[in-house]
Amino acid sequence: MNAAPASLAAASTSGADLLLWVAVPYICLAVFVVGHVWRYRQDQFGWTSRTTQLLEHRWLRFGSPLFHVGAFMVIAGHVVGLAVPDSWTEAVGITEHAYHTTAVWAGSVAGVAMVAGLGMLCARRLLTRRIRLGTDRSDKVLFPLLSATVVLGITATAAHNVFGAGYDYRSTVSVWFRGLFVLQPQPEAIAGAPLLFQLHALSAFLLFAAWPFTRLVHVWSAPIGYLARPYLVYRRRSAPVSAPTTGGRTRSASGSGRAA
Amino acid sequence: MRVMAQIAMVMNLDKCIGCHTCSVTCKQTWSNRTGVEYAWFNNVETKPGVGYPRRYEDQEQWKGGWMLDRRGRLVLRSGGRMKRLLSLFSNPDLPSIEDYYEPVTYDYDNLVNAPAQKDIPVARPRSVLTGRPTAITWGANWEDGLGGAPEHAGGDPNLTGEWAEKVKFEFEQTFLFHLPRLCEHCLNPACVSACPSGAMYKRVEDGIVLVDQDRCRGWRMCVTACPYKKVYVNHATGKAEKCTFCFPRVEAGQPTVCSETCVGRLRYLGLLLYDADRVGEAAATADEHDLLDAQRGVFLDPHDPEIRAAARESGIPEDWLEAARRSPVYDLVMRYKVALPLHPEYRTMPMVWYVPPLSPVLDAVDAAGGDQDDPDHVFAAVTRLRIPLEYLAELFTAGDTDVVAGVLMKLTALRSFMRERTLGEDGDEAVLKAVGLTTREAEDLHRLLAVAKYADRYVVPAAHKEDAAALTAMENRCPVESSGEPVEAGGRRVMLGIPTLRRRTTETATGGHP
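If you're matching them up, the sequences are chains A and B in order. Oh and the first sequence: position 242 is 242 in the numbering used here, straight run, nothing missing. Numbering-wise, the numbering used here comes out as the position in the second sequence, counting from 1, plus 260.
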C-alpha cells in the first residue's frame, strides 16, 4: 500500500466519506488518548470498576463473567481480524476458507457470550432499583453505546457471514482500519462496506471516545502485577509516592494522602 | 531482626456495658457518608450472637483469613493468586448488603411538616438504597442484649460441639457479654495480601493498615480476605474503606475516637515492638493452639537493651522507644498475659486484643447458688462450668480452654485479693501465688485494669514531623474530602453526611435523587 494510489483514491472519495471514515475516527482516537491522560492525572479516586456486587449479586454472578470472557475473546478476534492482513495468514498456510470458518464459529460463541452477559448486566442495572439509582451519567452513555456496538457487530456477522453469502471484511474494513494507524487513511476501503459493518465501526469509535470518561478505564488497571508481587505491602508514611501522581491537585500525594 | 513498631489496642471486656458510644462516635467521624451507611468501622456485638455481618466468623462460608495447605504452607483461605484474578468479575465469597443490613433513614421531615390531623405524625423508615419505605428487619446489632437470641443466636459460628447445644436452649440462663470490634490492624493482614492493585498497605512506622483510595480499583478481594469482615465496599465510590485507627489523631499523639469516647474506659492504646521477619513463620505455626504463643514470640521486650539498639537501627525514634516501655498494651499482653487475641486461628496475627470477661463465669456461680466473692467458688466454676469457658476459648484461643481458664483464674485471684485489701484486710497472697502474681504485680495490674487514668491508658507517641512529608493531622485538612476536580482556592469540598441517596457527581454534591 504505497501513498500514491491512496491519495488518488482520496481525491475521488466524497466529503461525507472523509468526514465519517477519516475525521471522526481521528477525533475519537485523539479524545481517547488525551482523555485518558487527563483522567489518569486528575481522577485517580474515580478510577475504578465501580463494583455493584454488594448491592446485587444474583445476576452479576453469571452476567459479569460471561460478558468479560466473551469480551476478551471478541477483542482477540478483532485484533486478528483487523490488524493481521490476510496475506500474512495465507503466508503461514491458513486458507481463506479455514480462516473464515474459524472466525465465524469462535466469533459466534464469543459474541453470544458477550451479548448474553451484557444483556444480564443491563437488565440488572435497569431492574434493580438500588443499582439504577447509582447509575451515573457516564454509565448512561456507556451502557447504550457499548450495547449498540456489540449488537451491531454481532448482527453484521450474523447477517453477512453466518446466514448471508459471506462478506470479506478483511479486504475492506480491515484495510481502512489499518490505514488509520499507519497514517495513510483509505476511506474508500470501507465506503463500500455493508451498512451494518459501517455502523459497527462508527459506534466503536464513539465508544473509544467515551472510554476515558467512563468506568471502562478499569480495563487498564487489570492487576496482572499481582501475580508477581510479595503478599505483604509495607509503606512508609514519609515515602514519596511512586504511584501515579495526582497532577492537578494541590495536595501532596503521600501514602496517607487519602486513606480509609 | 527487623524491628517495627505497632500501635495496638487492648479492650477489657468485663467493663463493656454495650453502650455503643464507640460505634456512634466512630460513625460520626468516619462513615457518615453516602456509600458507607451500612459500614461500622467499629461495632459492638452481643455474644453469643451471629455478629455483623451475619455469621462473619464462619470461614467455611466466607473464606476469610489464612490457612495451612496440605504441605503446611500459609495460604489465603480464599485461594491463590490466579484464582483471585479469575474471580475479579464476580467474587463468589463477597457478603451482600443483606448480610450486613439495608441502611435506612427516617422521614423526619414529616414530623415537622405534616398538616394538622387527628393522628400524631410518624417518621417512617426509608431505605437509603432505594428511597422507598421499608421494613427494618436487621441491623448491625440486631440481637442487642440477647434480644431475639432464641431465634437467631443459634447461628453463632462459635457455638459448635455438644456444649453448644445446651447454650442454644438456655440463652437467658447462660451468659452474655459485649464484644466491640474494629479493624485488627494485623501483623499478617490477609486483606493487604489479597489486594490485586496493591492499594492496601501496612504502615512501617505504626503498623496501621490503610487503603490508598487513589489506587484502589474496586476489585473487592480485601472484603473476602478479611476474616473479621472489617473492610467495606463503599457502594457510591466503588472503593474499599476500613477503620483507619484514626491515624490523623494517632499521628498527633491522641487516642482513636473509639478509645477517647469509651464510657467504660475499657480501652488501652500503646506501642508494641515486633520482629517483622518472624511474622510469616509465626503465622504458619502448625498447631492452632500454639498460635497465641507464636504471636507473643514475635513481640519484643522494649526494656531489653539489645532490642532497643536494634530498634534504633531500624529507625524507631527515642520517644517511641520510651512510649513502648510505658505501653499498657505491652503490660497486658506480655507482662501479665491477661489479654488474648480475637480468633488467632485466622492466622492474621491480629493486634486488637481482649481481656476475656469474667462476668459470664460469675453469673454462672450466682446461678449455681455460689458466692461470687469467694475465689474458691469461682475457681471451681472456671474449671467445672464448661459453657462460658468453651465459648470464650472459641473466641480467643482457638478452642484452648486452659489458656482462657488461666486468665480467668488470674482475674479472679486479683479480684479477691484486692477486694480484701480494700476492705482493710491483708489479702491472701497464696491465692495470688497460685496464679503467678506477686503482691506488687497484683497492685500494678489492678491499677492498670481498674483505676488507670487517661494518660496511663493511652500512651500514643506523636508521629515525627521530620519523618513525614505530609502528616494529615498537621495539614489542616479533612482526610475524607470528596474526590475529583482540582479544588478551587479556599473552597474545599468535604463530604458530609447529608442525607442524599447517592453522592452525585461533584458539582451537584447534595442532589438527592429519589
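Don't be surprised by glycine CBs; every beta carbon is placed ideally from N, CA and C.
- Rounded to whole angstroms, Trp613 (chain B) and Val642 (chain B) show a C-alpha spacing of 21 Å.
- For the pair His36 (chain A) and Gln44 (chain A), the Cα-to-Cα distance works out to about 11 Å.
- Residue pairing from DSSP places Met269 (chain B) in a beta bridge opposite B:Leu529 and B:Val612.
- Residues Ala209 of the same chain have their beta carbon placed closer than 6 Å to that of Val31 (chain A), with the five preceding and five following residues left out of the count.
- Among the CB atoms of chain B, none fall inside 8 Å of the CB of Arg124 (chain A).
- Look at His438 (chain B) here: in three-state DSSP terms it is strand.
- In the structure shown, Arg333 (chain B) falls within a coil segment according to DSSP collapsed to helix, strand and coil.
- Relative to Phe197 (chain A), the option among A:Thr155, A:Gly93 and A:Leu227 whose CA is nearest is A:Thr155.
- The contact set of Pro456 (chain B) on chain A, defined by CB atoms closer than 7 Å, consists of Pro223 and Tyr226 in chain order.
- By the C-beta criterion, the stretch 446 to 458 of chain B is judged to be in contact with the stretch 484 to 500 of chain B, since at least 3 inter-stretch pairs fall below 8 Å.
- Secondary structure note for Glu188 (chain A): its alpha helix (DSSP H) is the uninterrupted segment Pro187 to Ala191.
- Rounded to the nearest whole angstrom, the CA to CA distance from Asp318 (chain B) to Leu531 (chain B) is 31 Å.
- Interface with chain B (8 Å Cβ-Cβ cutoff): His57 (chain A) is included.
- Any Cβ of chain A closer than 8 Å to the Cβ of Glu444 (chain B) would place that residue at the interface, and such an atom is absent.
- Taking CB atoms only, Glu465 (chain B) has a neighbour in chain A less than 8 Å away.
- Arg386 (chain B) places its beta carbon less than 8 Å from that of Thr365 (chain B).
- In the three-state reduction of the DSSP assignment, Trp59 (chain A) falls in the coil class, being assigned neither a helical nor a strand state.
- Between the stretch 409 to 418 of chain B and the stretch 192 to 207 of chain A there are fewer than three inter-stretch CB-CB distances shorter than 8 Å, so the stretches are not counted as touching.
- When DSSP states are grouped into helix, strand and coil, Met73 (chain A) belongs to the helix group.
- Annotation: Trp105 (chain A) has no Cβ neighbours in chain B at a cutoff of 9 Å; minimum Cβ distance is about 24 Å.
- In chain order, Pro185, Gln186 and Ala189 place their CB closer than 7 Å to the CB of Gly179 (chain A), counting only its own chain and leaving out the 5 sequence neighbours on each side.
- Around the beta carbon of Asn373 (chain B), fewer than 16 other beta carbons sit within 10 angstroms, so the residue counts as exposed.
- Beyond the five residues adjoining it in sequence on each side, Thr394 (chain B) comes within less than 8 Å, by CB distance, of Glu362, Val364, Pro385, Arg386 and Ser387 in the same chain, given in chain order.
- Your pair Thr48 (chain A) and Cys476 (chain B) checks out as a contact, with CB atoms roughly 7 Å apart and the cut at 8 Å.
- The beta carbon of Asp553 (chain B) lies closer than 6 Å to none in the same chain, with the five residues before and after it left out.
- Membership of Trp326 (chain B) in the beta strand (DSSP E) is indicated by the continuous run Trp326 to Leu328.
- Look at Met460 (chain B) here: in three-state DSSP terms it is strand.
- Secondary structure at Glu701 (chain B): helix, using DSSP grouped into helix, strand and coil.
- DSSP lists B:Tyr534 as the bridge partner or partners of Phe559 (chain B).
- When the Cα atoms are used, Ala571 (chain B) and Leu581 (chain B) turn out to be separated by approximately 8 Å.
- At a beta-carbon threshold of 7 Å, the residues of chain B lying near His68 (chain A) are Phe349, ordered along the chain.
- For Leu126 (chain A), the CB contacts under 8 Å within the same chain, skipping 5 residues up- and downstream, are Arg132 in chain order.
- Legend: CB atoms of the stretch 311 to 323 of chain B lying less than 8 Å from CB atoms of chain A are not found in any residue.
- Following the DSSP letters along the chain, one finds Val388 (chain B) in no beta strand (DSSP E), marked with neither H nor E.
- Across the structure, Phe205 (chain A) and Tyr167 (chain A) are spaced so that their CA atoms are roughly 21 Å apart.
- If the five residues before and after Tyr360 (chain B) are omitted, its C-beta is found closer than 6 Å to the C-beta atoms of Tyr298 and Pro313, all from its own chain and listed in chain order.
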